[in-house]
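So the structure is just underneath, and the comments pick up after that.
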Amino acid sequence: MNHDQNKWEQRWHPLWREWIVYAAHRNFRPWNGEGAPSPSDAPAYVPDCYLCPGNARIHGHRNPDYNDVFIFDNDHPVVGMDAPIIAPVQASVHDGLYTRRRADGIARVVCYDSRHNVSLAQIPCEKVARVFLAWREQMREFQAIPAIKFVLIFENKGEVVGVSNPHPHCQIYATNFTFMHVERELAAAADYRRETGRNLFAAVIAAEQTDSIRIIAENEGAVAFVPFFARYAYEILVFPKQRHSTLITMADEELYHLADAFQQVIRRYDLLFGFSFPYVMSILQAPVDGGDYSDYHLHLSMQPPLRLPGLKKFLAGPEIGGGNFMADTMPEEKALELKNTDLSTYRECD
Ligand SMILES: [Zn+2]
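Under the numbering used here, the first residue of the sequence shown is numbered 61, with each subsequent residue one higher.
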């Protein structure tokens, strides 16, 4: 019997209700990682960076000389309150089959730090928590705006995910529609509640805590794990332990715990790869349209594109064409690699 057989299976993603196919035949050697990354040799201030303090952006805006979290409306918004009006005659064509509407909403940029050459992994946890507090304030503001139904906070980090400016920042899209992944999770949670009487997210967290082998970080208020059903090799979900549908209701202390668990994750990423590790991070939260979403449990979703140094997961026929993920690594192995990194060797800056 082939010993690889137990690394060839399909797993059900209970939140998105899709199959992931794992075929880890190529069986890379256990990887011990690269160790602590060297400090960046990029300067703390870059004169032509549009995010550095005091610099000019396009359209004549100039950044203040900030030294805390700095937030501004995106100069190239994907959604905006001044998006063109759609004429009624254009709004619905082909007997309603094809529909258009205004791309209204608010798009913002959040600069985490005034320094061009630091990341959330490198700065003290207190400063990461300040970013989480700022996100919560943004959520409170958006909740009060009737045109805003949903808010997606996300960070694209690294050139491999297409980010040309390394200045530490994320984006916020406050929209008139709910993004698909949250739509899917809401539907899955509602069905699970109807079928079992239980909360879907609590069930997943409990399962991960029981299995325990995929947990990467845990503290009093938050837990992070490579889920049983990970699509990307180093995919991680970070949950606050108490159920909150959005950041709005989270206490300062809970946000601090969430920031701490998140930072442990990204430090382990850096330690394993030996450089500032690229990822797509999104905060999945319930809509802010006044509906009852008490069964939704917000979480941070980390989806790094790399499988090994220099080796990116390319989405191709199965993923782009068919819509299901094929993975050639097992979540348990990737979790073990991350757990084996030594957090005490991480070199923090001020
Ligand atoms: Zn900069």
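C-beta: ideal position from N, C-alpha, C; glycine also.
Output yes if chain B places a C-beta closer than 8 Å to the C-beta of residue i; else output no.
i	result
GLN150	No chain B is present in this structure, which holds just one protein chain.
So, using beta-carbon positions, are residue i and residue j closer together than 8 Å?
i	j	result
ASP133	ILE183	no
LEU315	VAL298	no
ALA96	TYR406	yes
GLN203	ILE308	yes
HIS176	CYS230	no
VAL220	PRO365	yes
THR235	ARG328	no
GLY93	LEU332	yes
GLU280	LEU75	no
THR306	ALA249	no
ILE265	LEU398	no
PHE385	LEU360	no
CYS185	ASP320	yes
VAL170	ILE131	yes
GLU411	MET341	No information on residue 411 is available, as it lies outside the stretch 61 to 410 that the chain covers here.
GLU392	ARG274	yes
In the structure shown, what three-state DSSP assignment does residue i receive?
i	result
ALA248	helix
SER404	helix
VAL191	helix
GLN302	coil
GLU295	coil
MET310	coil
ALA376	coil
TYR172	coil
MET199	helix
ILE265	helix
ILE326	helix
GLY120	helix
TYR316	helix
LYS67	helix
HIS357	coil
ALA204	coil
LEU366	strand
ALA143	coil
GLY281	coil
TRP72	strand
If distances are taken between C-alpha atoms only, which option among the options comes closest to residue i?
i	options	result
ILE145	ASP164, LEU180, PRO74	ASP164
ILE326	PHE239, ILE213, ALA207, LYS217	LYS217
PRO226	PHE322, LEU368, ASP108	ASP108
VAL188	GLY257, ASN259, GLU313, TYR353	GLU313
HIS431	ASN123, GLY281, TYR105, VAL286	As shown, the chain starts at 61 and ends at 410. That puts residue 431 outside it, with no answer to give.
ARG196	ASN384, LEU358, LEU398	LEU358
SER272	GLY351, PHE239, LEU396	LEU396
VAL81	GLU243, GLU393, ASP388	ASP388
ASP355	PRO103, ALA262, ARG160, LEU157	ALA262
ALA116	ASP135, PRO99, ASP128	ASP135
LYS67	ASP410, PHE239, LYS394	LYS394
VAL191	ILE213, ILE205, PRO206, GLY156	ILE213
TYR362	GLY140, ARG291, ARG253	Going by the sequence as given, residue 362 is Met instead of Tyr. Considering only alpha carbons, the answer is ARG291.
VAL348	GLY257, ARG303, ALA207	ALA207
THR159	VAL170, PRO369, ALA147	ALA147
GLY120	GLY140, PRO378, TYR110	TYR110
ILE232	LEU375, GLU201, GLY377, TYR353	GLU201
GLN198	ILE343, GLY370, LEU403	ILE343
ARG253	ALA102, SER98, TYR353, PRO391	TYR353
ARG161	GLY140, SER174, ALA181	GLY140
PHE374	HIS154, PRO300, SER98, ALA293	ALA293
LEU368	GLY334, GLU392, GLU278	GLY334
TYR103	ALA311, SER174, TYR339, GLN269	Note that residue 103 is Pro in the sequence shown, not Tyr. It is SER174.
GLU278	GLY383, ASP251, LYS301, GLU295	LYS301
ALA282	ARG258, GLY257, ALA311	ALA311
Counting only the same chain and skipping the five closest in sequence on each side, list residues whose C-beta sits under 7 Å from that of residue i.
i	result
PHE237	LYS209, PHE210
LYS372	VAL220, PRO365, LEU366
TYR55	Since the displayed the chain opens at 61 and closes at 410, residue 55 lies outside it and no answer follows.
SER179	PRO228, SER336
ASP125	PRO113, GLY114
GLY156	none
GLU69	TYR82
ARG258	TYR252
Could you name the residues of the same chain whose beta carbon sits closer than 8 Å to that of residue i, not counting the 5 residues immediately before and after it, in chain order?
i	result
ARG71	TRP79, ILE80, TYR82, PHE288, PHE289
ASN62	Low confidence applies to ASN62: its pLDDT is 47, below 50, so where it sits in the model is not reliable, and the reading given next is rough at best. Closer than 8 Å at Cβ, skipping near neighbours: no residue.
LEU403	GLN324, ARG327, ARG328, LEU331
MET438	Because the chain spans 61 through 410 in this model, residue 438 falls outside it and cannot be assessed.
Enumerate in chain order the residues of its own chain whose CB-to-CB distance from residue i is below 6 Å, with the five nearest sequence positions on each side excluded.
i	result
PRO137	ALA167
ASP64	Caution is warranted here: a pLDDT of 49 is assigned to ASP64, below 50, making its placement in the model unreliable, and the coordinate value is therefore given only provisionally. Once the five neighbours on either side are set aside, the close Cβ partners of ASP64 are HIS85.
ALA247	none
SER100	ASN177
TYR339	LYS217, MET362, PRO364
ALA284	ILE276, ALA277, ILE296, VAL298, ALA321, VAL325
Practice item. Please write down, chain order preserved, every residue whose beta carbon lies under 6 Å from a heavy atom of ligand 1. Key: VAL106, CYS109, LEU111, CYS112, HIS176, HIS227
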